[in-house]
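Following: one structure in structure tokens, then a few remarks.
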Amino acid sequence: MAHAPSAESVALLDRFVAALVAKGVLTEDQIATQIASTDRASPEIGARMVARAWTDAEYRALLLRDGGQAAEAMGVSMAGAPPLGVLEDTDKVHHLVVCTLCSCYPRAVLGYPPHWYKSAAYRARAVREPRAVLAEWGTTLPDGVAVKVVDSTADFRWMVLPQRPAGTEGWDAGRLASLVTRDALVGVALPRA
Amino acid sequence: MSGSFQAGQRVRVKRDFPELRGPCHIRTPHYLRGREGVVERPLGAYPNPEDLAFARPAAKVPLYHVRFDQPSLWNEGAAGDTVLVELYEHWLEGTA
Chain L
1 MAHAPSAESV
11 ALLDRFVAAL
21 VAKGVLTEDQ
31 IATQIASTDR
41 ASPEIGARMV
51 ARAWTDAEYR
61 ALLLRDGGQA
71 AEAMGVSMAG
81 APPLGVLEDT
91 DKVHHLVVCT
101 LCSCYPRAVL
111 GYPPHWYKSA
121 AYRARAVREP
131 RAVLAEWGTT
141 LPDGVAVKVV
151 DSTADFRWMV
161 LPQRPAGTEG
171 WDAGRLASLV
181 TRDALVGVAL
191 PRA
Chain S
1 MSGSFQAGQR
11 VRVKRDFPEL
21 RGPCHIRTPH
31 YLRGREGVVE
41 RPLGAYPNPE
51 DLAFARPAAK
61 VPLYHVRFDQ
71 PSLWNEGAAG
81 DTVLVELYEH
91 WLEGTA
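Each protein sequence line maps, in turn, to chains L and S. Everything in the first sequence is counted per UniProt numbering, starting at 1 for the first residue and increasing by one. Everything in the second sequence is counted per UniProt numbering, starting at 1 for the first residue and increasing by one.
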């Protein structure tokens with residue numbers, strides 16, 4: 001759980017920001033803009049992108065080719081954000097995203113990562129025993145589906161494009177988006193109708 | 001900037017541990033050092049984070065998505081499961 005920052009760390013941060021501004025690395029405005037855009041981002045953005053990909057073949061192709069452009073097409077500013085890659089689940093493969101080194105997460109389209117995503121347990125176990133981790137989420141994959149763990153180690157950020165659940169024929173993108181949870185966007189859960 | 005490796009090519013992650021030689025910033029997970037995988041696709045070229053982290057001039061290096069067989073990394077797991085990881089070219093070597 002988040003605790004109020006100590007006076008000491010607030011003072012340290014203030015001095016750090018002052019140094020960055022003094023050296024011309026950043027302006028106070030840039031910092032405020034970045035905080036505002038990170039605060040605005042939430043898994044609803046990723047969910048809308050997935051729902052649109054389920055209902056619009058052209059958008060799906062764009063999403064898989066260039067996640068950043070696909071996010072921009074939904075009105076998300078990707079300026080300064082790392083490249084966004086999108087991992088397509090199929091009948092044969094299910095993707096699970098982790099960052100074993102730290103906490104790389106597609107913040108531009110999912111917002112802040114949940115606490116568990118940054119935990120040592122998730123980071124260590126997702127690459128070593130992904131199926132046990134999925135089982136603890138209540139996520140069981142059909143027979144014949146391989147797990148592909150994506151360890152997000154470098155310049156890209158990764159989001160999962162899950163499969164559209166059965167029983168959603170005729171649904172519009174808005175209704176479909178309501179099925180796509182934060183957990184489904186990193187592959188620990190599956191969307192359910 | 002195009003790199004030395006192509007999609008489908010078998011590569012080995014260098015079995016190197018620079019963290020034993022001094023301060024460094026490495027984006028190559030420990031559990032992959034010395035392991036073999038297959039290049040899934042090139043991901044472009046990016047400034048070397050090992051220099052960026054220390055505010056040194058950072059040359060762009062090609063980055064690849066490399067796929068590893070998951071059970072053989074850990075001697076446990078389900079056949080067919082894989083791990084896909086972004087790795088920089090200077091950490092990869094071709095296999096004979």
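Note that CB positions come from ideal geometry on N, CA and C, so glycine has one too.
Inset, instruction - Would you list, in sequence order, the uninterrupted beta strand (DSSP E) runs of no fewer than 3 residues that lie entirely inside the UniProt domain "Nitrile hydratase beta subunit" (4-93) of chain S? - result: Uninterrupted beta strand (DSSP E) stretches at least 3 residues long and entirely within the UniProt domain "Nitrile hydratase beta subunit" (4-93) of chain S occur at 10-13, 36-47, 60-69 and 82-88, given in chain order.
Inset, instruction - Note down the Cα distance separating residue 182 of chain L from residue 96 of chain S, rounded to an integer number of angstroms. - result: Answer to the nearest angstrom: the Cα atoms are 43 Å apart.
Inset, instruction - Would you grab the beta carbon distance between residue 187 of chain L and residue 76 of chain L for me? Rounded to a whole angstrom, and I think it's under 8 Å. - result: With a beta-carbon spacing of about 21 Å, residue 187 of chain L and residue 76 of chain L fall beyond the 8 Å limit used to define contacts.
Inset, instruction - Could you please give me the residues that DSSP links to residue 29 of chain L through a beta bridge? - result: Residue 29 of chain L is not bridged to any residue.
Inset, instruction - Using a Cβ cut-off of 9 Å (strictly closer), state whether residue 155 of chain L contacts chain S. - result: Residue 155 of chain L counts as touching chain S.
Inset, instruction - Pull out every residue of the stretch 64-88 of chain S whose Cβ sits closer than 9 Å to any Cβ of chain L, in chain order. - result: Under the 9 Å Cβ criterion, the stretch 64-88 of chain S contributes 65, 67, 70, 73, 74, 76, 77, 78, 79, 80, 81, 82, 83, 84, 85, 86, 87 and 88.
Legend entry - Under the three-state DSSP convention, the category residue 179 of chain L falls into: In this structure, residue 179 of chain L counts as coil in the three-state DSSP scheme.
Inset, instruction - Give me whichever residues DSSP pairs with residue 146 of chain L in a beta bridge. - result: Beta-bridge pairing links residue 146 of chain L to L/93.
Legend entry - Which residues DSSP lists as bridging residue 157 of chain L, in chain order: The partner list for residue 157 of chain L (beta bridge, DSSP) reads L/84.
Legend entry - Beta-carbon neighbours of residue 130 of chain L, restricted to chain S and to distances below 9 Å: Against chain S, a Cβ distance below 9 Å from residue 130 of chain L picks out 70, 77, 78, 81 and 83.
Legend entry - Boundaries (first-last residue) of the alpha helix (DSSP H) holding residue 9 of chain L: Run containing residue 9 of chain L: 7-22, per the alpha helix (DSSP H) assignment.
Inset, instruction - Give me the Cα-Cα distance between residue 44 of chain S and residue 78 of chain L, rounded to the nearest whole angstrom. - result: Near 18 Å, if we compare the C-alpha coordinates of residue 78 of chain L and residue 44 of chain S.
Inset, instruction - Establish whether the CB of residue 92 of chain S and some CB of chain L are separated by less than 9 Å. - result: Answer no: the Cβ-Cβ gap between residue 92 of chain S and chain L never drops below 9 Å.
Inset, instruction - Quick one: residues in its chain with C-beta nearer than 8 Å to the C-beta of residue 174 of chain L, no 5 flanking neighbours on either side, listed in chain order? - result: Counting only Cβ-Cβ distances below 8 Å, and skipping sequence neighbours, we find 51.
Inset, instruction - Using a Cβ-Cβ cut-off of less than 8 Å, give me the residues of the stretch 97-110 of chain L that come near chain S, in sequence order. - result: Answer set for the stretch 97-110 of chain L: 100 and 101.
Inset, instruction - Check residue 39 of chain L in the structure and name its three-state DSSP category. - result: Three-state result, residue 39 of chain L: helix.
Legend entry - Bridge partner(s) assigned by DSSP for residue 98 of chain L: Beta-bridge pairing links residue 98 of chain L to L/151.
Inset, instruction - Would you please verify whether the beta carbon of residue 42 of chain S is less than 9 Å from any beta carbon of chain L? - result: Residue contact check for residue 42 of chain S against chain L: no CB pair falls below 9 Å.
Inset, instruction - Using a Cβ-Cβ cut-off of less than 7 Å, list which residues of the stretch 137-150 of chain L approach chain S; keep chain order. - result: Hits within the stretch, in order: 146, 147, 148, 149 and 150.
Legend entry - Closer than 9 Å to chain L by CB, residue 29 of chain S: Yes, its Cβ sits closer than 9 Å to a Cβ of chain L.
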